[in-house]
Amino acid sequence: MVVDSWLGNFIRHSRKAVPPEADRAIIGVLAFEVSKLMSKVVNLWRFLGDGETRTLRDDVVGTIGVRMLVSGDGDYLMELALDEILDNFAEVSVSVAELGRKCADPRFSRFDMFVSDPIRNHLEWFGWEYRPKKMERKVKKMERFAGVMVVLAQELDVLAELERSRRRMLGNPKTDPIKLLESQQRVLWHRTEIRNFRAISPWIRSYDYVVRLLVRSLLTILERIKTVCQINRIAFRRKSRNPAGGPALTRSQSMSSIMKHYYAVHPSPGVGSPTRKKFRYRHEQGKIGHLEPSPPPSPPRGCHHRRSRTRLSDVGGLNGCMHSNRDRNQIGSSLRHVSNSPVVAGGKEEAEQQASCSSSTVVAEAIYSKLAFLGSKRRQLINPAPTTLGDAGLYLHYANLITVIEKMVSAPHEIESTSRDELYGMLPGSLRSVLRKRLRDHATCRVSSVGYDATVAAAWRQTVARVLEWLLPLAHNMLRWQAVRNFEREHHEEADSKTHVLLVQTLYFADRAKTEAAIVELIVGLDYLYRISKRLEEMRLDRR
Numbered sequence: 017m018v019v020d021s022w023l024g025n026f027i028r029h030s031r032k033a034v035p036p037e038a039d040r041a042i043i044g045v046l047a048f049e050v051s052k053l054m055s056k057v058v059n060l061w062r063f064l065g066d067g068e069t070r071t072l073r074d075d076v077v078g079t080i081g082v083r084m085l086v087s088g089d090g091d092y093l094m095e096l097a098l099d100e101i102l103d104n105f106a107e108v109s110v111s112v113a114e115l116g117r118k119c120a121d122p123r124f125s126r127f128d129m130f131v132s133d134p135i136r137n138h139l140e141w142f143g144w145e146y147r148p149k150k151m152e153r154k155v156k157k158m159e160r161f162a163g164v165m166v167v168l169a170q171e172l173d174v175l176a177e178l179e180r181s182r183r184r185m186l187g188n189p190k191t192d193p194i195k196l197l198e199s200q201q202r203v204l205w206h207r208t209e210i211r212n213f214r215a216i217s218p219w220i221r222s223y224d225y226v227v228r229l230l231v232r233s234l235l236t237i238l239e240r241i242k243t244v245c246q247i248n249r250i251a252f253r254r255k256s257r258n259p260a261g262g263p264a265l266t267r268s269q270s271m272s273s274i275m276k277h278y279y280a281v282h283p284s285p286g287v288g289s290p291t292r293k294k295f296r297y298r299h300e301q302g303k304i305g306h307l308e309p310s311p312p313p314s315p316p317r318g319c320h321h322r323r324s325r326t327r328l329s330d331v332g333g334l335n336g337c338m339h340s341n342r343d344r345n346q347i348g349s350s351l352r353h354v355s356n357s358p359v360v361a362g363g364k365e366e367a368e369q370q371a372s373c374s375s376s377t378v379v380a381e382a383i384y385s386k387l388a389f390l391g392s393k394r395r396q397l398i399n400p401a402p403t404t405l406g407d408a409g410l411y412l413h414y415a416n417l418i419t420v421i422e423k424m425v426s427a428p429h430e431i432e433s434t435s436r437d438e439l440y441g442m443l444p445g446s447l448r449s450v451l452r453k454r455l456r457d458h459a460t461c462r463v464s465s466v467g468y469d470a471t472v473a474a475a476w477r478q479t480v481a482r483v484l485e486w487l488l489p490l491a492h493n494m495l496r497w498q499a500v501r502n503f504e505r506e507h508h509e510e511a512d513s514k515t516h517v518l519l520v521q522t523l524y525f526a527d528r529a530k531t532e533a534a535i536v537e538l539i540v541g542l543d544y545l546y547r548i549s550k551r552l553e554e555m556r557l558d559r560r
């Protein structure tokens, strides 16, 4: 049976059943909520894994649609990604802090002080994080706990149904005694199974045990977030009011300005943004599992005995000063002469170590500041700008609209009048007026009564294909993001971390005017392709 295999699997991979602690309160029915928290912790850890972190900047900054509609500033995009991660981290931390108030150990009841103000209270939790290998073992344990609770919930539903059936049979005087006995045996068997599952689940664990596991896991994840920021060199400078860069685009503008920006952010190979080779080099020299940064103000562990990989030329303004001084030759020769001294060589290494420690401290302080902002009044870092689709609440609507256009473009000859009316009905009123004006402006490009211009048709096909190439991934990610949220809401459990996408990879932060200009251009091109297909069909029928 399925239940037998589940039970055998969990018993083999778990410790012996732990009896409830008499002197401490146990989790009990809150184990279902605890299992959700554990699933969120596991997903956070998996999302910040070595493989995902190595491609995080490429996935966010390297996406053409993100750079065109959200921002061309890579540091701004990476900070948006970090803010969403910290939002999820803070949400779990608040729930764990509430559980900590019920613990017998007074240290865990003070965890809410760290959540509300980590800048002042982080030293109390110094050294609580797990080592990477031990964290992996704890992650597997939390996965088993979450899996057991899923099966336990199913078994409780089955038991409730069996007990209702048994009560109906008891109330019926004509019930066969043999069937009644079988029903009672099934109820007893399921009760035994439920006791077994509870014995290997968080149900009988104490608050102290569960909170200790979650707190140490969260602090370990926080250390990994710091390391991710160092690897991706996030600059923490979200100050721009117009994140997309440059002047805002009006909806009535042509797509040509967007396509110019497309070629600006999507150059030929070997040109443009920082190369992936450099990013990989930095990551290989500092894999997450081997870095051990610690919270400020104390220097990170290893700063005084582990050689830093930060170059001296990257620290401060030394390099720029050498190039701007009028006596650069004399200074350069003096530096070369003095650098041969062993005292200066040792000072250089010490400067490198201090620079590495300083960088780690700056990252930690920036993250603690963001968490303090989140914990003070339970606010969120994810606040879209007024010019974005997220602020207008149109991100899901436009994602569905773009996918509908994609289907129509793939087969324009199959478009029916009802489909065209439905597409037109999906457009907001302001977008309809812009579309009517654009269609009038492009009336000369429509198919004439004699034939059609093959050059114009090819140009429109190419334009539509290019726009869909960078716009579709954002729309698909938006629908995927919503599907994950719907799954978690309906099934009351966390989705797999592999299905998660960040909001910065969707239409949520996309500039509304630029997105609507792209949609209008797609519909104008679709209108022309539709008329071409209809005209060609008429010409084919006339030849018969």
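Residues in the sequence shown are numbered from 17 upward in steps of one, following the numbering used here.
Ideal Cβ placement from N, Cα and C applies to all residues, glycine included.
Checklist entry - In whole angstroms, what is the alpha-carbon distance linking Trp144 and Ala169? => result Indexing the sequence shown from 1 puts residue 144 at position 128. Indexing the sequence shown from 1 puts residue 169 at position 153. Answer to the nearest angstrom: the Cα atoms are 32 Å apart.
Next on the checklist: What does the alpha-carbon distance come out to for the pair Glu532 and Glu100?
Outcome noted: Residue mapping note: residue 532 aligns to position 516 of the sequence shown, counting from 1. Residue mapping note: residue 100 aligns to position 84 of the sequence shown, counting from 1. Distance between the alpha carbons of Glu532 and Glu100: 25 Å.
Item to check | Residue burial classification, Ser329 (beta-carbon count within 10 angstroms, cutoff 16) | outcome: The residue labelled residue 329 in the question sits at position 313 within the sequence shown. Legend: pLDDT at Ser329 = 34, less than 50; position of this residue unreliable, value from coordinates given subsequently. Its Cβ having fewer than 16 others within 10 Å, Ser329 is exposed.
Checklist entry - Does the segment 192-202 touch the segment 89-103, meaning 3 or more C-beta pairs lie closer than 8 Å? => result no
Checklist entry - Rounded to a whole number of angstroms, what is the C-alpha to C-alpha distance between Ser111 and Lys52? => result Position 95 of the sequence shown, counted from the start, is the residue given in the question as residue 111. Position 36 of the sequence shown, counted from the start, is the residue given in the question as residue 52. Going from the Cα of Ser111 to the Cα of Lys52 covers about 11 Å.
Next on the checklist: Give me the residue from Leu102, Leu487, Val472, Trp61 with the minimum Cα distance to Ala380.
Outcome noted: Numbered from its first residue, the sequence shown carries residue 380 at position 364. Nearest C-alpha to Ala380: Leu102.
Next on the checklist: Measuring straight from C-alpha to C-alpha, what distance separates Phe561 and Glu49?
Outcome noted: The requested residue 561 does not occur in the structure, where the chain is confined to residues 17 to 560.
Checklist entry - Quick one: what's Ile42 bridged to in DSSP? => result Your numbering for residue 42 matches position 26 in the sequence shown. DSSP output for Ile42 lists Ser222 as bridge partner(s).
Item to check | For Val483 and Glu537, believed in contact at Cβ under 8 Å, the rounded distance | outcome: The count along the sequence shown starts at 1 and reaches residue 537 at position 521. The count along the sequence shown starts at 1 and reaches residue 483 at position 467. So it is a contact: roughly 6 Å between Cβ atoms.
Checklist entry - How about the segment 485-498 and the segment 72-87: do they share at least three Cβ pairs that are nearer than 8 Å? => result yes
Next on the checklist: Quick check on Asp121: does DSSP put it in helix, strand or coil?
Outcome noted: Working through the sequence shown from its first residue, we reach residue 121 at position 105. Coil at Asp121, not helix or strand.
Next on the checklist: Below 8 Å on the Cβ atoms is my contact criterion, and I expect Met151 with Ser233 to pass it. Report the Cβ-Cβ distance as a whole number of Å.
Outcome noted: Taking the first residue of the sequence shown as 1, we reach residue 151 at position 135. Taking the first residue of the sequence shown as 1, we reach residue 233 at position 217. With 8 Å as the limit, Met151 and Ser233 qualify as a contact, their Cβ atoms being about 7 Å apart.
Checklist entry - For Ala382 versus Pro134, is the C-beta distance shorter than 8 Å? => result For the purposes of this step, residue 382 is identified with residue 366 of the sequence shown, where counting begins at 1. For the purposes of this step, residue 134 is identified with residue 118 of the sequence shown, where counting begins at 1. For Ala382 and Pro134, no; Cβs fall outside 8 Å.
Item to check | Residues bridged to Asp437 [DSSP beta-bridge criterion] | outcome: As a first step, residue 437 must be located in the sequence shown, where it is residue number 421. Answer by DSSP bridge pairing: none, since Asp437 is not bridged.
Item to check | Opening and closing residue of the alpha helix (DSSP H) in which Thr208 lies | outcome: Taking the sequence shown and counting its residues from 1, the one referred to as residue 208 is at position 192. 193-215 is the extent of the alpha helix (DSSP H) around Thr208.
Next on the checklist: Going by C-alpha to C-alpha distance, which of Asn212, Lys530, Arg551, Glu159 sits closest to Pro428?
Outcome noted: By 1-based counting over the sequence shown, the position of residue 428 is 412. Looking at the Cα atoms, Arg551 is the closest of the given residues.
Checklist entry - Looking at C-alpha atoms only, which residue of Val517, Thr522, Ile539 is the closest neighbour of Phe63? => result Here residue 63 refers to the residue found at position 47 when the sequence shown is read from its first residue. Among Val517, Thr522, Ile539, the Cα nearest to that of Phe63 belongs to Val517.
Checklist entry - Whose CA, out of Gln521, Ser435, Ala529, Thr419, lies closest to the CA of Thr403? => result Here residue 403 corresponds to residue number 387 of the sequence shown, with the count starting at 1. Here the closest residue by C-alpha is Ala529.
Next on the checklist: Please state the DSSP three-state secondary structure of Thr403.
Outcome noted: The count along the sequence shown starts at 1 and reaches residue 403 at position 387. Coil, per DSSP.
Checklist entry - In terms of DSSP beta bridges, what is Met527 paired with? => result Taking the sequence shown and counting its residues from 1, one reaches residue 527 at position 511. Note that residue 527 is Asp in the sequence shown here, rather than Met. Answer by DSSP bridge pairing, in chain order: Thr404.
Checklist entry - Is the beta carbon of Val520 less than 8 Å from the beta carbon of Val76? => result Here the question's residue 520 lines up with position 504 in the sequence shown. Here the question's residue 76 lines up with position 60 in the sequence shown. For Val520 and Val76, yes; Cβs fall inside 8 Å.
Checklist entry - Who are the near neighbours of Gly90 in its chain, counting only those whose CB is closer than 6 Å to its CB and skipping five residues on each side? => result Locating residue 90 in the sequence shown gives position 74, where the first residue counts as 1. Here the set comprises Val77.
Checklist entry - alpha helix (DSSP H) containing Pro148: first to last residue? => result For this step, residue 148 is matched to residue 132 along the sequence shown. First-last of the alpha helix (DSSP H) with Pro148: 148-187.
Item to check | Whether Leu542 touches Met424 by CB criterion (8 Å) | outcome: Stepping through the sequence shown from its first residue, residue 542 is reached at position 526. Stepping through the sequence shown from its first residue, residue 424 is reached at position 408. Result yes, Cβ atoms of Leu542 and Met424 sit closer than 8 Å.
Item to check | Unbroken alpha helix (DSSP H) run spanning Thr419, endpoints | outcome: In the sequence shown, the residue the question calls residue 419 occupies position 403. Looking at the DSSP string, the run of the alpha helix (DSSP H) that includes Thr419 is 411-426.
Item to check | Close Cβ partners of Pro218 (< 6 Å) along its chain, the five nearest in sequence each way excluded | outcome: The residue given as residue 218 occupies position 202 in the sequence shown. So the qualifying residues of the chain are Ile43, Ala47, Val50, Phe161, Val226.
Checklist entry - How many whole angstroms separate the CB atoms of Val164 and Phe213, which I take to be in contact at a CB cut-off of 8 Å? => result On the sequence shown, residue 164 is found 148 positions in, with the first residue counted as 1. On the sequence shown, residue 213 is found 197 positions in, with the first residue counted as 1. Going by Cβ atoms, the distance from Val164 to Phe213 rounds to 6 Å, so yes, they are a contact pair.
Checklist entry - With a Cβ-Cβ cutoff of 8 Å, do Leu390 and Leu397 count as a contact? => result Within the sequence shown, numbered from 1, the residue matching residue 390 stands at position 374. Within the sequence shown, numbered from 1, the residue matching residue 397 stands at position 381. In contact: Leu390 and Leu397 (Cβ atoms closer than 8 Å).
Checklist entry - Which first and last residues belong to the alpha helix (DSSP H) in which Met94 is found? => result Counted from its first residue, the sequence shown places residue 94 at position 78. Segment 90-116, the alpha helix (DSSP H) holding Met94.
Checklist entry - Is Thr377 buried or exposed, if buried means 16 or more other CB atoms sit within 10 Å of its CB? => result Your numbering for residue 377 matches position 361 in the sequence shown. Buried, since its Cβ has 16 or more Cβ neighbours within 10 Å.
Item to check | Asp457, DSSP secondary structure in three states | outcome: The residue labelled residue 457 in the question sits at position 441 within the sequence shown. Helix.
Next on the checklist: Can you look up Glu537 in the DSSP assignment and give me helix, strand or coil?
Outcome noted: Against the sequence shown, residue 537 aligns to sequence position 521. Three-state DSSP puts Glu537 in a helix.
Next on the checklist: If contacts are defined as beta-carbon pairs under 8 Å, then Val131 and Val58 qualify, I think. What distance do you get, rounded to the angstrom?
Outcome noted: Counting from 1 along the sequence shown, the entry for residue 131 is found at position 115. Counting from 1 along the sequence shown, the entry for residue 58 is found at position 42. With a Cβ gap of about 20 Å, Val131 and Val58 do not count as contacting.
Checklist entry - DSSP state of Ser289, grouped into three classes? => result Here residue 289 refers to the residue found at position 273 of the sequence shown. Per-residue confidence for Ser289 stands at a pLDDT of 37, beneath the threshold of 50, marking its modelled position as unreliable; the derived number appears in the next sentence. Note: Ser289 maps to coil in three-state DSSP.
Checklist entry - Taking the alpha-carbon positions, what's the Tyr411 to Arg180 distance? => result Here residue 411 corresponds to residue number 395 of the sequence shown, with the count starting at 1. Here residue 180 corresponds to residue number 164 of the sequence shown, with the count starting at 1. Distance between the alpha carbons of Tyr411 and Arg180 is about 46 Å.
Item to check | Entirely enclosed alpha helix (DSSP H) segments - the segment 50-77, minimum 4 residues | outcome: 66-77
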